[in-house]
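> Using this note's numbering, the letters of the sequence shown map in sequence onto residues 52 to 353.
I have a structure here, written as structure tokens, and I will follow up with some questions on it.
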Amino acid sequence: MFLVVLGVILLIVAAVAPAQLAEGAAHARSQVRKICGVLGVLLLIGGVLASSYISVPAGYRGVLLQFGAVNGVLDEGAHFVLPFAQTVDLMEVRTQKTEAEAAASSKDLQVVKTDVAINFHVNPVTLGKLYRDVGPDYADRIISPAVQETLKAVTARYTAEELIRRREQVKTEVDDTLAARLLAYNIIVEPNGVSLKNFDFSQEFNNAIEQKQVAQQNSEKQKYILAQADLEAQTAVTTAKGEAEANRIKAQALNTQGGQKVLAREWITKWDGHLPQVQTGAGGGTIIDLKSLLSDTPTKGQ
């Protein structure tokens with residue numbers, strides 16, 4: 052366009068040059084006119100050719116506009132258009148990424164904020180329809196509102212704790228719902244193209260979660276203490292039962308086998324190997340430690 056304007060200016064200069072140079076030589080006037088005329092024509096032709104040539108880079112499509120109306124889509128490569136009548140608006144069809152911040156309420160009415168990242172691409176075949184129906188700013192007019200509505204719809208089906216515990220399930224629902232919404236506008240979400248970066252809750256909710264975790268830890272600790280006490284009690288009961296059973300067996304043995312034999316066996320078991328000086332048996336006999344008596348007898352002549 053600049054070349055066209057410059058060429059027109061030179062042609063005007065060539066036309067008015069003779070009048071401005073009336074007092075000069077005729078040859079000089081003729082040369083100036085020719086030079087300005089030639090340059091003007093060349094610049095005009097160059098400007099027209101330049102404005103009619105368009106190059107569509109890789110990963111893009113060119114929406115052809117004729118007097119402002121969509122008149123087709125140009126593929127990658129070089130193209131010629133009608134100057135002044137046709138223009139081309141480049142649109143990217145490669146995978147793109149957009150991010151949005153969404154706020155919603157959970158099933159238990161907790162305010163949830165999350166950052167959503169979406170990988171998507173525009174269908175090249177239907178790019179003209181998207182441009183005609185929505186325009187080049189489709190990301191702001193279609194994708195961002197769709198993210199907001201999708202997050203609100205999905206989040207409302209889960210409590211705040213479920214959003215944390217079932218994060219993958221929530222992500223899958225958001226992915227499927229958002230993909231269906233955008234497909235209606237020929238915007239294709241890539242497989243697993245939705246990423247939920249985080250869930251932000253109110254400070255009150257975070258404090259409640261922390262208190263709950265502390266309470267659960269204390270409860271587990273108390274359960275452990277009670278379990279240990281119960282185990283010790285069971286051990287004591289088992290020991291007491293064992294001792295009672297042993298005493299019962301001993302008592303039964305005293306009754307059935309003769310108590311004296313059992314007592315004698317116990318006396319022998321506990322005997323330390325030293326005989327008492329005097330011991331009276333059950334039959335009236337007496338056991339005397341003669342060795343101790345002899346050691347206590349005074350020697351003759353003393």
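Glycine residues also receive a C-beta, built at the ideal position from the N, C-alpha and C atoms.
Since this is a predicted model, take the numbers as computed values, not measurements.
(1) At a cut of 8 Å, does the segment 110-119 reach the segment 131-139 through at least three beta carbon pairs?
(2) Can you say whether residue 176 is buried or exposed, counting buried as having 16 or more other CB atoms within 10 angstroms of its CB?
(3) Please classify residue 355 as buried or exposed, where buried requires at least 16 other C-beta atoms within 10 Å of its C-beta.
(4) Residue 164: which of 139, 205, 191, 173 sits nearest, CA to CA?
(5) For residue 199 versus residue 235, is the C-beta distance shorter than 7 Å?
(6) Per DSSP, what kind of secondary structure is residue 208 in: helix, strand or coil?
(7) Answer yes if the segment 279-287 comes into contact with the segment 181-192, meaning at least three C-beta pairs across the two stretches below 8 Å, and no otherwise.
(8) Is DSSP giving residue 106 helix, strand or coil here?
(9) Distance check for residue 137 and residue 103, CA to CA, integer angstroms please.
(10) Using the beta-carbon count (16 or more within 10 Å), is residue 201 buried or exposed?
(11) Can you list the beta strand (DSSP E) stretches of 3 or more residues lying completely in the segment 180-260, in chain order?
(12) Let's see if you can read the secondary structure: which residues bound the beta strand (DSSP E) around residue 156?
(13) I need the boundaries of the beta strand (DSSP E) containing residue 161, first residue and last residue.
(14) What residue range does the beta strand (DSSP E) around residue 176 cover?
(15) Taking C-alpha atoms, which residue in 144, 156, 297 lies nearest to residue 179?
(16) Of all the options 246, 278, 123, 156, which has the alpha carbon lying nearest to the alpha carbon of residue 141?
(17) CB-CB under 8 Å to residue 195, same chain, minus the five flanking residues each way: which ones, in chain order?
(18) What are the residues that DSSP puts in a beta bridge with residue 140?
(19) By the three-class DSSP mapping on this structure, what secondary structure does residue 132 have?
(20) Report the option in 208, 156, 146, 157 whose CA atom is closest to the CA atom of residue 170.
(21) In three-state DSSP terms, what is residue 123?
(22) Give the straight-line distance between the Cα atoms of residue 157 and residue 280, rounded to the nearest whole angstrom.
(23) Does the Cβ of residue 128 have 16 or more other Cβ atoms within 10 Å, making it buried, or fewer, making it exposed?
(24) Determine the DSSP secondary structure at residue 74, reduced to helix, strand or coil.
(25) Given this structure, state the Cα-to-Cα distance separating residue 245 from residue 277, to the nearest angstrom.
(26) Quick one: Cα of residue 155 to Cα of residue 207, how far?
(27) My output table needs one value for residue 168: the three-state DSSP class, helix, strand or coil.
(28) Rounded to whole angstroms, how far is the Cβ of residue 248 from the Cβ of residue 168, which I believe are closer than 8 Å?
(29) Do residue 231 and residue 240 come within 7 Å of each other at the CB atom, strictly closer than that value?
Judging by the given coordinates:
(1) yes
(2) Within the sequence shown, numbered from 1, the residue matching residue 176 stands at position 125. With fewer than 16 other Cβ atoms within 10 Å, it is exposed.
(3) In the structure as shown, the chain starts at 52 and stops at 353, and residue 355 therefore has no counterpart that could be examined.
(4) The count along the sequence shown starts at 1 and reaches residue 164 at position 113. Here the closest residue by C-alpha is 205.
(5) Here residue 199 is taken as the residue at index 148 of the sequence shown, counted from 1. Here residue 235 is taken as the residue at index 184 of the sequence shown, counted from 1. Not closer than 7 Å, so no.
(6) Stepping through the sequence shown from its first residue, residue 208 is reached at position 157. Three-state DSSP puts residue 208 in coil, outside helix and strand.
(7) no
(8) As a working mapping, residue 106 is identified with position 55 in the sequence shown. Residue 106: strand per DSSP, three-state reduction.
(9) Within the sequence shown, residue 103 is the residue found at index 52, counting from 1. Within the sequence shown, residue 137 is the residue found at index 86, counting from 1. If I take the Cα positions, the gap works out to 8 Å.
(10) On the sequence shown, residue 201 is found 150 positions in, with the first residue counted as 1. Buried, because 16 or more other Cβ atoms sit within 10 Å of the Cβ of residue 201.
(11) 238-251
(12) Locating residue 156 in the sequence shown gives position 105, counting from the first residue. It spans 147-156 - the beta strand (DSSP E) in which residue 156 sits, taken as one unbroken run.
(13) For the purposes of this step, residue 161 is taken as the residue at position 110 of the sequence shown. Element bounds for residue 161: n/a, residue is neither H nor E.
(14) Counting from 1 along the sequence shown, the entry for residue 176 is found at position 125. Per DSSP, residue 176 belongs to no beta strand (DSSP E) and is neither H nor E.
(15) By one-based count along the sequence shown, residue 179 stands at place 128. Closest by alpha carbon: 144.
(16) Counting from 1 along the sequence shown, the entry for residue 141 is found at position 90. Comparing Cα positions, the closest option is 123.
(17) In the sequence shown, the residue the question calls residue 195 occupies position 144. Excluding sequence neighbours, residue 195 sits near 149, 151.
(18) As a first step, residue 140 is located in the sequence shown; it is residue number 89 there, counting from the start. Partner(s): 114.
(19) Position 81 of the sequence shown, counted from the start, is the residue given in the question as residue 132. Looking at residue 132 - three-state DSSP - the assignment turns out to be coil, as it is neither helix nor strand.
(20) Counting from 1 along the sequence shown, the entry for residue 170 is found at position 119. Of the listed residues, the one whose Cα sits closest to residue 170 is 146.
(21) Position 72 of the sequence shown, counted from the start, is the residue given in the question as residue 123. In the structure shown, residue 123 sits in a strand (DSSP, three-state: E or B).
(22) As a first step, residue 157 is located in the sequence shown; it is residue number 106 there, counting from the start. As a first step, residue 280 is located in the sequence shown; it is residue number 229 there, counting from the start. Between residue 157 and residue 280, the C-alpha separation is close to 43 Å.
(23) Reading the sequence shown from its first residue, position 77 is the one you call residue 128. The residue in question, residue 128, is exposed, as its Cβ has fewer than 16 Cβ neighbours within 10 Å.
(24) In the sequence shown, residue 74 corresponds to position 23, counting from 1. No answer about residue 74 holds up, because its pLDDT of 49 lies below 50 and its placement is not dependable.
(25) Residue mapping note: residue 245 aligns to position 194 of the sequence shown, counting from 1. Residue mapping note: residue 277 aligns to position 226 of the sequence shown, counting from 1. Cα-Cα distance, rounded: 48 Å.
(26) Within the sequence shown, the letter at position 104 stands for residue 155. Within the sequence shown, the letter at position 156 stands for residue 207. If you take the alpha carbons of residue 155 and residue 207, they lie about 8 Å apart.
(27) Reading the sequence shown from its first residue, position 117 is the one you call residue 168. In the structure shown, residue 168 sits in a strand (DSSP, three-state: E or B).
(28) Along the sequence shown, read from residue 1 onward, the residue named residue 248 stands at position 197. Along the sequence shown, read from residue 1 onward, the residue named residue 168 stands at position 117. That belief holds up - the Cβ atoms of residue 248 and residue 168 are roughly 6 Å apart, short of 8 Å.
(29) Translated into the one-based positions of the sequence shown, residue 240 becomes position 189. Translated into the one-based positions of the sequence shown, residue 231 becomes position 180. Not in contact: residue 240 and residue 231 (Cβ atoms no closer than 7 Å).
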